[in-house]
Amino acid sequence: MDKGDDRGAFSYANMVYRGYNGTPKNEDEGIRIMSQLAQKGHPYAQMNLAAILMRTQPDRVSAAVKLYELAGQAGLDNAYSELGRMYRLGYGVHQDHKKAIEYFTKGAQSGNPQCNFMLGVYCSSGLGNAEREPDQKKAFKHFQKAAVKGMAEAQYNVGLRFLKGHGVEANSFNAAEFFRMAAAQGFQLAQVNLAGMYSEGRGVKSDLDEARAWLEKAASQGGSIGKDAQKRIEQLDEIQGKKRDKCSIM
Numbered sequence: 002m003d004k005g006d007d008r009g010a011f012s013y014a015n016m017v018y019r020g021y022n023g024t025p026k027n028e029d030e031g032i033r034i035m036s037q038l039a040q041k042g043h044p045y046a047q048m049n050l051a052a053i054l055m056r057t058q059p060d061r062v063s064a065a066v067k068l069y070e071l072a073g074q075a076g077l078d079n080a081y082s083e084l085g086r087m088y089r090l091g092y093g094v095h096q097d098h099k100k101a102i103e104y105f106t107k108g109a110q111s112g113n114p115q116c117n118f119m120l121g122v123y124c125s126s127g128l129g130n131a132e133r134e135p136d137q138k139k140a141f142k143h144f145q146k147a148a149v150k151g152m153a154e155a156q157y158n159v160g161l162r163f164l165k166g167h168g169v170e171a172n173s174f175n176a177a178e179f180f181r182m183a184a185a186q187g188f189q190l191a192q193v194n195l196a197g198m199y200s201e202g203r204g205v206k207s208d209l210d211e212a213r214a215w216l217e218k219a220a221s222q223g224g225s226i227g228k229d230a231q232k233r234i235e236q237l238d239e240i241q242g243k244k245r246d247k248c249s250i251m
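Start counting the sequence shown at 2; every next residue gets the next number (this note's numbering).
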């Protein structure tokens with residue numbers, strides 16, 4: 002098969018394996034085709050086959066690891082992210098933070114934001130070095146790299162660090178900007194924090210209507226954070242109600 006044929010075969014293998022678009026489901030046939038493609042060096046087939054092995058054949062973890070490594074070497078940085086996750090959590094392998102960091106580092110060097118984020122987590126926790134000493138400045142740099150690549154959770158972390166001066170000089174304006182990036186992507190905690198900054202006029206011009214708008218977005222997502230956002234909306238109602246009362250005195 003040429004590359005065009007390989008792409009078609011990979012799509013067909015996925016359809017057969019999952020039974021997509023009315024294609025009769027046949028997992029064995031899907032795996033057979035993916036195995037052939039993986040042996041030819043098709044990185045996406047290697048990734049998919051590795052995931053299938055991890056999920057269905059735990060006795061073949063070493064084969065899955067090799068497939069992920071081959072996919073990573075072929076340019077799929079997500080493979081390094083997955084390998085790092087496996088060793089960080091001990092998923093199918095013995096937990097090994099040193100190996101996890103090695104894989105996350107490879108992924109980060111290839112531009113993977115999740116890998117940068119996880120390196121930030123390691124540096125922040127102290128597990129990123131032999132001395133077990135947190136390195137907040139290094140953590141900030143990793144979080145920032147992930148943030149500028151559009152990762153909402155990293156944007157929130159960077160905003161929080163700018164707000165608190167954690168690993169970087171405190172800067173309320175920058176904090177608000179990074180919270181805004183994450184909030185625009187629907188990151189609930191960032192929406193609440195950005196609302197708080199508008200309420201306090203911290204890093205931004207005080208604007209209770211803008212604060213309410215972000216709180217409403219957070220509240221609509223529900224959960225414990227949503228409930229907290231709803232309470233804050235009620236508090237805003239009281240504040241704005243009192244202001245209206247003062248304005249109406251004649």
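By construction, the Cβ of each residue, glycine as well, lies at the ideal position given by its N, Cα and C atoms.
In whole angstroms, give me the CA-to-CA distance for residue i and residue j.
i	j	result
H167	S225	26 Å
Q236	P135	38 Å
G31	C124	41 Å
A177	G227	20 Å
N22	A51	24 Å
D210	G151	27 Å
D246	S221	Low local confidence applies: a pLDDT of 48 at D246 is under 50, so the model's placement there is unreliable, and no value is given.
G20	N27	7 Å
K107	V122	16 Å
F180	Q231	19 Å
Q189	H143	22 Å
V159	A10	42 Å
L54	Q137	37 Å
N194	T57	42 Å
P59	D97	18 Å
L77	E83	11 Å
A14	G197	50 Å
D29	G73	25 Å
E132	S126	12 Å
Y18	D6	18 Å
D208	F105	41 Å
F174	Q241	25 Å
D229	R33	51 Å
K206	A109	36 Å
H95	S63	12 Å
E170	K99	30 Å
M87	K139	23 Å
R8	N79	19 Å
When DSSP labels each residue in this structure, what does residue i get in the three-state scheme?
i	result
H75	Looking at the sequence provided, one finds Ala at residue 75 rather than His. Here A75 sits in coil by DSSP.
F163	helix
A147	helix
M152	coil
F188	coil
V66	helix
T57	helix
T106	helix
S111	coil
V193	helix
S207	coil
Y81	helix
C248	Low confidence applies here, because C248 scores a pLDDT of 40, under 50, leaving its location unreliable; read the following figure in that light. Three-state DSSP puts C248 in a helix.
S200	helix
Q137	helix
E170	coil
H1	Outside the modelled stretch of the chain, which goes from 2 to 251, sits residue 1, for which no answer is possible.
Q222	coil
L128	coil
Contact defined as beta carbons within less than 8 Å: I believe residue i pairs with residue j. What is the distance between those atoms, to the nearest angstrom?
i	j	result
Y81	S111	7 Å
R203	L216	The pair is not a contact, with the Cβ atoms about 15 Å apart (cut-off 8 Å).
A101	G85	5 Å
A183	Y199	Not confirmed; about 15 Å, so no contact.
K165	Q192	That belief does not hold up - the Cβ atoms of K165 and Q192 are roughly 18 Å apart, past 8 Å.
T24	M16	4 Å
- Evaluate contact between the region 111–131 and the region 153–160, counting only Cβ atoms and requiring at least three cross-stretch pairs below 8 Å. Segments in contact, yes.
- Message: Is it the case that the region 66–73 contacts the region 39–49, given that we only count it when at least three CB pairs across the two stretches are under 8 Å?
- Response: Yes, the region 39–49 touches the region 66–73.
- Task: Taking only runs that begin and end inside the region 15–46, name each unbroken alpha helix (DSSP H) of 4 or more residues, in chain order.
- Result: Qualifying alpha helix (DSSP H) stretches, in chain order: 28–40.
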